[in-house]
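S.K.: Per full-length UniProt numbering, the sequence shown runs over residues 1 to 403.
The C-beta atom is built at its ideal place from N, Cα and C for all residues, glycine as well.
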Amino acid sequence: MLTLDKFEEASEIVKQVTQETKLIYSDYFSKSTGNKVYFKPENMQRTGAYKLRGAYYKISTLSQEERDKGLITASAGNHAQGVAYAAKAYGAKAVIVMPTTTPLIKVERTKSYGAEVVLYGDVYDEACDYALKLAQENGYTFIHPFDDLAVATGQGTIAMEIIKELPLVDYILVPVGGGGLATGVSTLAKLLNPHIHVIGVEPAGANCLQVSVDKGEVTTLPSVNTIADGTAVKTPGEHVFPYLQENLDGIITVEDDELIVCFLDMVENHKMIVENSGLLTVAALKHLNVKGKKVVSVLSGGNMDVITMASVVQLGLIQRDRIFTVSVLLPDRPGELNRVSGLIAEEQGNVIKLEHNQFYSTNRNAAVELRITMEAFGTEHKQQIVQHLEKAGYRVKLVRPSL
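Written out as structure tokens, the structure reads:
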């Protein structure tokens, strides 16, 4: 049972390894949503994610004999680091099975805490099955990343901190993968104040909890497809599912494209790196059909490799029309390129890439193609640049940027 006594116990124990992640008020998102929006920045947590809470508390409840056998878990990254860090604190061996698709930064950081890492499977579920097999073969103690009530209790300490700091919170938005974090947060929130609304947020391409709740039973998705790798789970936890049914007030699903734009917003407005799973609750803010409420979005983690970051930033700029590409047809004669660049400069566009194709037409005097990739301030500015080129007599077509 998840009890208030256990949550209070866990809150004291996790303080041994966690650092304070005080709420951050977001002026930007408050203005854009009409609510008072706060972030619980677990991306700033030791190990870069909230998972340390559940892992450390769970291991604290084990006997010395269970710890001496060695610990094993499966994780897409954040729970892996949590278990590795906690195991090291207790002087226990840790074996972590991670999907082969896990970002390199999460793999390397897990190893840096002294854990043995095994890469297996394309998604978490496949890695978990293999970890259970290894646990049986070697006698390891298995630490489930979400389908364990002690782990969920440790994760729920987040709610304790939120409510202590913001007693009149109306909504807490929490990311959902397998459901451990959502179980802990929603259960404790309801114990402390049943009027608090707790909303789970899933990627649309991995909405196993939404499907399970709709069917009234734990359901496995045939596949998952999302950039939110930390929540790419096909089956919610069986042990935590009843708590989620009882305590969650709703589930919001978010498309991957929304996460890309949110990453850009967080970097520019809050100077924070938040991984895609952690951005679920930020993207969900615009789907929350309320006004004037105190809303806390839990930013579950910030472990993101640089290559992924670069890709997400580029895609975000394209989605916001701050980078775009046009195909311009012009006669092949001296001065045309200079004229086009001058027209763009008149509208304060910034050219970042040019591709000149003389083989667009067999009649080069009639037309060659110039593809121009440039920076703009946004959609309105982009339209101004295009219209300015068209008024000068050029045929202009928007094309997909290739950066």
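1) By how many angstroms is the C-alpha of Q314 removed from the C-alpha of T281?
2) Consult DSSP for I273 and reduce its assignment to one of helix, strand or coil.
3) Going by Cα to Cα distance, which pick from S26, G48, K293 is closest to E20?
4) Taking the beta strand (DSSP E) that R395 falls in, what are its first and last residues?
5) For A159, which residues from the same chain have a beta carbon less than 6 Å from its beta carbon, with the 5 sequence-adjacent residues on both sides left out?
6) With DSSP collapsed to three states, give me the class of F377.
7) In chain order, what residues of the same chain have a beta carbon less than 7 Å from the beta carbon of L181, not counting five sequence neighbours either side?
8) With burial defined as no fewer than 16 other Cβ atoms inside 10 Å of the residue's Cβ, what is the status of D148: buried or exposed?
9) Who are H197's beta bridge partners in DSSP?
10) What are the start and end residues of the beta strand (DSSP E) that includes F146?
11) Unbroken alpha helix (DSSP H) runs of length 4 or more, entirely within the region 52-76: which are they?
12) Can you give the Cα-Cα distance for G200 and S297, rounded to whole angstroms?
13) Would you check if there are 3 or more beta carbon pairs closer than 8 Å linking the region 128-146 to the region 64-74?
14) Per the DSSP calculation, Y38 is bridged to which residue(s)?
15) Locate the beta strand (DSSP E) running through S112, then write down its first and last residues.
16) What residues are listed by DSSP as bridge partners for L301?
17) Suppose the cutoff is 7 Å on Cβ atoms and the five residues either side in sequence are ignored; what does the same chain contact list for Y90 look like?
18) Which of the three DSSP states is assigned to R371 in this structure?
19) Would you check if the distance between the CB atom of N43 and the CB atom of G278 is smaller than 7 Å?
20) Taking all protein chains shown into account, do 16 or more other C-beta atoms lie within 10 angstroms of the C-beta of V399, making it buried, or fewer, making it exposed?
21) Within 10 Å of its beta-carbon, does D379 have 16 or more other beta-carbons around it, so buried, or fewer, so exposed?
22) Go through its chain and collect everything with a Cβ distance to S402's Cβ below 8 Å, but skip five positions before and after it.
23) Could you check the C-alpha separation between A94 and I352 for me, to the nearest Å?
24) Identify, in the order they occur along the chain, each residue of the same chain with its Cβ nearer than 8 Å to the Cβ of K294, setting aside the five sequence neighbours on each side.
25) For a quick check, are the C-beta atoms of Y243 and T157 less than 7 Å apart?
26) Within 10 angstroms of its Cβ, does I385 collect 16 or more other Cβ (buried), or is it exposed?
27) Quick one: what's got a C-beta closer than 7 Å to D249's C-beta in the same chain, skipping five residues either side?
28) Would you mind listing the beta strand (DSSP E) stretches within the region 114-143 that are 3+ residues and don't spill past its ends, in chain order?
29) In this structure, how does DSSP classify S327 when only helix, strand and coil are distinguished?
M.R.: Based on what the coordinates show:
1) Sequence index remark: in the sequence shown, residue 281 carries index 281 (1-based). Sequence index remark: in the sequence shown, residue 314 carries index 314 (1-based). So the two alpha carbons sit approximately 22 Å from each other.
2) Translated into positions along the sequence shown, residue 273 becomes position 273. Coil.
3) Within the sequence shown, the letter at position 20 stands for residue 20. Cα-wise, what sits closest to E20 is G48.
4) Position 395 of the sequence shown holds residue 395. Per DSSP, R395 belongs to the beta strand (DSSP E) from 395-399.
5) Translated into the one-based positions of the sequence shown, residue 159 becomes position 159. Around A159: V185, L188, A189.
6) Here residue 377 corresponds to residue number 377 of the sequence shown, with the count starting at 1. Three-state result, F377: coil.
7) The residue given as residue 181 occupies position 181 in the sequence shown. Hits under 7 Å: Y50, Q155, V174, P175, S300.
8) Here residue 148 refers to the residue found at position 148 of the sequence shown. Buried: at least 16 other Cβ atoms inside 10 Å.
9) Start at 1 with the first residue of the sequence shown, and residue 197 comes out as number 197. Y171, per the DSSP bridge assignment.
10) Locating residue 146 in the sequence shown gives position 146, counting from the first residue. Note, F146: premise wrong, no beta strand (DSSP E); not H, not E.
11) 64-68
12) Locating residue 200 in the sequence shown gives position 200, counting from the first residue. Locating residue 297 in the sequence shown gives position 297, counting from the first residue. Approximately 10 Å between the Cα atoms of the pair.
13) yes
14) In the sequence shown, counting from the first residue as 1, residue 38 sits at position 38. Y38 pairs with Y25, V296.
15) What you label residue 112 is simply residue 112 of the sequence shown in a count that begins at 1. No beta strand (DSSP E) holds S112; the alpha helix (DSSP H) holding it covers 104-112.
16) Within the sequence shown, numbered from 1, the residue matching residue 301 stands at position 301. Checking the sequence shown, residue 301 turns out to be Gly, not Leu. Answer is A49.
17) Numbered from 1 along the sequence shown, position 90 holds the residue referred to as residue 90. So the qualifying residues of the chain are I59, R67.
18) Numbered from 1 along the sequence shown, position 371 holds the residue referred to as residue 371. Looking at R371 - three-state DSSP - the assignment turns out to be strand.
19) Indexing the sequence shown from 1 puts residue 43 at position 43. Indexing the sequence shown from 1 puts residue 278 at position 278. Their beta carbons are under 7 Å apart, which means N43 touches G278 by this criterion.
20) Taking the first residue of the sequence shown as 1, we reach residue 399 at position 399. It counts as exposed.
21) Taking the first residue of the sequence shown as position 1, residue 379 is located at position 379. Here residue 379 turns out to be Thr, not Asp, going by the sequence shown. T379 comes out exposed.
22) As a first step, residue 402 must be located in the sequence shown, where it is residue number 402. Answer for S402: T325, T373, listed in chain order.
23) As a position in the sequence shown, residue 94 is number 94, starting the count at 1. As a position in the sequence shown, residue 352 is number 352, starting the count at 1. Cα-Cα distance, rounded: 48 Å.
24) Translated into the one-based positions of the sequence shown, residue 294 becomes position 294. Correct list, in chain order: N35, K36, Y38, L166, L168, V169, D170, Y171.
25) By 1-based counting over the sequence shown, the position of residue 243 is 243. By 1-based counting over the sequence shown, the position of residue 157 is 157. No, Cβ-Cβ distance for Y243 and T157 is not below 7 Å.
26) Mapped onto the sequence shown, residue 385 falls at position 385. Its Cβ being crowded by 16 or more others within 10 Å, I385 is buried.
27) Taking the sequence shown and counting its residues from 1, one reaches residue 249 at position 249. If we look at D249 and ignore the five residues flanking it on each side, its Cβ neighbours are H197, V198, I199.
28) 116-119
29) Stepping through the sequence shown from its first residue, residue 327 is reached at position 327. The answer is strand: DSSP assigns S327 an E or B state.
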